[in-house]
Amino acid sequence: MPLPRTREKKLRQRLAELRGPEVPAKALDARALAALAANPGCRRRALLDGAGVNKAALAGALGSPAAFGQSQFALTRGNAFEARVKADGGAELLRLVHEKLDRRAEPPSDAELPELTAIGPEGRTARTTHALRDATATGGWTLLDHPMLALDVAGSPAFLEPDAVVVHPDGSWTVVEIKSFPMLDGSADPAKVGAAARQAAVYVLALEELAARLDPAPAVRHHVLLVCPKDFSNLATASAVDIRKQRAVTARQLARLTRVQDIADALPEGTCFSPDLPAAELTAAVESVPATYAPECLSACELAFHCRDRSRADGAVTSLGRSARAELGGLTTVEDVLAAARGEAGDPADPAVAALRRAAELRAEALGGAVEGGATCR
Ligand code: SF4
Numbered sequence: 017m018p019l020p021r022t023r024e025k026k027l028r029q030r031l032a033e034l035r036g037p038e039v040p041a042k043a044l045d046a047r048a049l050a051a052l053a054a055n056p057g058c059r060r061r062a063l064l065d066g067a068g069v070n071k072a073a074l075a076g077a078l079g080s081p082a083a084f085g086q087s088q089f090a091l092t093r094g095n096a097f098e099a100r101v102k103a104d105g106g107a108e109l110l111r112l113v114h115e116k117l118d119r120r121a122e123p124p125s126d127a128e129l130p131e132l133t134a135i136g137p138e139g140r141t142a143r144t145t146h147a148l149r150d151a152t153a154t155g156g157w158t159l160l161d162h163p164m165l166a167l168d169v170a171g172s173p174a175f176l177e178p179d180a181v182v183v184h185p186d187g188s189w190t191v192v193e194i195k196s197f198p199m200l201d202g203s204a205d206p207a208k209v210g211a212a213a214r215q216a217a218v219y220v221l222a223l224e225e226l227a228a229r230l231d232p233a234p235a236v237r238h239h240v241l242l243v244c245p246k247d248f249s250n251l252a253t254a255s256a257v258d259i260r261k262q263r264a265v266t267a268r269q270l271a272r273l274t275r276v277q278d279i280a281d282a283l284p285e286g287t288c289f290s291p292d293l294p295a296a297e298l299t300a301a302v303e304s305v306p307a308t309y310a311p312e313c314l315s316a317c318e319l320a321f322h323c324r325d326r327s328r329a330d331g332a333v334t335s336l337g338r339s340a341r342a343e344l345g346g347l348t349t350v351e352d353v354l355a356a357a358r359g360e361a362g363d364p365a366d367p368a369v370a371a372l373r374r375a376a377e378l379r380a381e382a383l384g385g386a387v388e389g390g391a392t393c394r
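In the working numbering, the protein residues as written are 17 to 394.
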């Protein structure tokens, strides 16, 4: 349900206050959304991303800078490869879409390449919507280079920019992802393909939201085209990737995200995440939003080092990983776990407590045996 205009305006104002005066909003990209959907219980990330806070700058100001991201060299190489794939009006890219996804259609020649430039993300999104609607009605091939799509995330719009969207002669839409990692003998690193598929799933969801507003609603294909360098050359090769599973998981996770408005409403008056503030003030602001740290955050969120330090300092079992956390049931700190194992606390009928006590007994037995064994040896 869209927010009423005044409420939406109020929310935007509140989010701008949270970013700080004169701090521009950082647009959410599909990579960030895929990561956000991977940890839907984290209110801290949902709020910071929803407010457009630059988490890398925030982590630096907190004294725990992020240690991941693409190198400048990788970005330049990726951009050069993408430009090559899209040269000549996208002829090679359209050939690959035809070959991998729609062989029955007429081969693409004289494809349309609509102009999509406009002022601001809202303007670009409107331009993309018109271009997609017009292209769907033409019955030919159309290539949209860097269209802009909007997706409602926790009550706020996120603007997303896929590498390309292709409209087929039958009016259906395909997402194209261009990556610079190599495809060797037709297959690529499964972890990288998985990350690309999760990202593409976010674009597919945004396209489906748009398609649902058109009448008749065009079909959004659930096979996306992944384009990569062939072996270690500069030549392009491609593979159709089925993203149905990633789409279903991401849709479910995004629906579970707590609404940004509710998180913002629970914050103390005057909370602000501007990186210009003193570290102590920023730390208090960040700590006022609950987080659910897990080791997976280290490869997905810029605040990971900060949250990990806090989680360790609090003795939270989440820092041990999600599976350990799940098995420990209601025991949330390492101190609780040790007390339960020693028999000083916890309900013995609780399976987690019973398992801990049994483990402690076995450990004591093993250590006792080791001491006796050592004595025999002497
Ligand atoms: S690093 Fe912190 S803010 Fe980021 S997802 Fe993990 S717990 Fe949330």
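Yeah, the Cβ is synthetic: ideal placement off N, Cα and C, and Gly gets one too.
Return helix, strand or coil for residue i, following the three-state DSSP convention.
i      : result
Asp352 : helix
Leu293 : coil
Val69  : coil
Leu242 : strand
Glu138 : helix
Val257 : strand
Glu131 : coil
Ala307 : coil
Ala376 : helix
Ala147 : helix
Ala121 : coil
Ala382 : helix
Ala301 : helix
Ala332 : strand
Ala252 : strand
Leu31  : helix
Ala371 : helix
Thr287 : coil
Would you kindly report the start and end of the unbroken alpha helix (DSSP H) that includes residue i?
i      : result
Cys313 : Premise fails: Cys313 is in no alpha helix (DSSP H) and is neither H nor E.
Val265 : Arg260 to Arg272
Ser327 : Ala320 to Ala329
Arg358 : Careful: Arg358 lies outside any alpha helix (DSSP H) and carries neither H nor E.
Ser339 : Arg338 to Glu343
With a threshold of 16 other CB atoms inside 10 Å of the CB of residue i, please say whether the residue is buried or exposed.
i      : result
Gly286 : exposed
Asn250 : exposed
Pro163 : buried
Thr392 : Interpretation of Thr392 is limited by its pLDDT of 38, a score under 50 that renders its predicted location unreliable; the figure taken from the coordinates is listed afterwards. It counts as exposed.
Lys261 : exposed
Ala380 : exposed
Thr154 : exposed
Glu98  : buried
Leu324 : The question names Leu, yet the displayed sequence has Arg at residue 324. Result: buried.
Glu115 : exposed
His238 : buried
Ser304 : exposed
Lys25  : exposed
Asp65  : buried
Phe248 : exposed
Gly139 : exposed
Asp118 : buried
Ser327 : buried
Leu344 : buried
Gly390 : Model confidence at Gly390 stands at a pLDDT of 44, short of 50, so the residue's coordinates are unreliable and nothing is read from them.
Check whether the Cβ of residue i sits closer than 7 Å to any heavy atom of the ligand ATP, and report yes or no.
i      : result
Cys317 : For the structure depicted, the ligand ATP is absent and the ligand set comprises only the ligand SF4.
What residue range is occupied by the uninterrupted beta strand (DSSP E) comprising residue i?
i      : result
Asp278 : No beta strand (DSSP E) contains Asp278, which is instead part of the alpha helix (DSSP H) from Val276 to Asp281.
Between residue i and residue j, which are expected to be in contact by the criterion C-beta below 8 Å, what is the C-beta distance as a whole number of angstroms?
i      : j      : result
Ala211 : Glu193 : Not quite, the Cβ-Cβ distance comes to about 10 Å (not below 8 Å), so this is no contact.
Val276 : Ala62  : 6 Å
Leu241 : Thr190 : 6 Å
Ala462 : Leu34  : In this structure the chain extends from 17 to 394, so residue 462 is not present and cannot be described.
Gly36  : Cys288 : 5 Å
Leu110 : Val182 : 7 Å
Arg60  : Ala307 : 4 Å
Leu160 : Leu148 : 7 Å
Please report whether the beta-carbon of residue i lies at a distance below 8 Å from any beta-carbon of chain B.
i      : result
Leu165 : Reference to chain B is not applicable here, since this structure consists of a single protein chain.
Which runs of the alpha helix (DSSP H), 4 residues or longer, sit entirely within the region 153 to 240? Segments of the alpha helix (DSSP H) lying fully in the region 153 to 240: 206 to 227.
What are the start and end residues of each continuous alpha helix (DSSP H) run of 4 or more residues lying completely inside the region 35 to 117, in chain order? Qualifying alpha helix (DSSP H) stretches, in chain order: 46 to 54, 59 to 66, 71 to 77, 88 to 101 and 103 to 117.
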